[in-house]
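Asks:
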Amino acid sequence: MLQGFKETMKNQIEYQNYLRQMNKLFNVEVDEKRFSQLVEQFMYIAEIAEPLINFPLENYL
């Protein structure tokens, strides 16, 4: 349980860093409330995508 929490916090920090860099890159101002909502949405999308990303694919090559 604690490992999952640590991984979630790590991902949250990574998404925060990523979004801050994108804000700078595109010169977009986002207030803290919206920024925290963006981080939540990124984490939600990652949670949905995780089973697909972890799905084993056969090697066709």
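For the sequence shown, this note's numbering gives the first residue as 601, with consecutive numbering after it. Backbone N, C-alpha and C fix where the C-beta goes; we use that ideal spot for every residue, glycine too.
1. Got a sec, what are the start and stop residues for the alpha helix (DSSP H) Phe-642 sits in?
2. Which class does Lys-607 belong to by DSSP, given the choice of helix, strand or coil?
3. In whole angstroms, give me the CA-to-CA distance for Val-630 and Asn-659.
4. Using the three-state DSSP reduction, which class does Glu-614 fall into: helix, strand or coil?
5. Beta-carbon separation of Leu-541 and Val-639 under 8 Å?
Replies: For this structure:
1. Taking the sequence shown and counting its residues from 1, one reaches residue 642 at position 42. From DSSP, the alpha helix (DSSP H) with Phe-642 extends over 632–654.
2. Against the sequence shown, residue 607 aligns to sequence position 7. Strictly speaking, residue 607 in this sequence is Glu, with Lys absent from that position. In the structure shown, Glu-607 sits in a helix (DSSP, three-state: H, G or I).
3. Here residue 630 refers to the residue found at position 30 when the sequence shown is read from its first residue. Here residue 659 refers to the residue found at position 59 when the sequence shown is read from its first residue. Cα to Cα, Val-630 sits roughly 43 Å from Asn-659.
4. Locating residue 614 in the sequence shown gives position 14, where the first residue counts as 1. DSSP places Glu-614 in helix when its eight states are reduced to three.
5. The requested residue 541 does not occur in the structure, where the chain is confined to residues 601 to 661.
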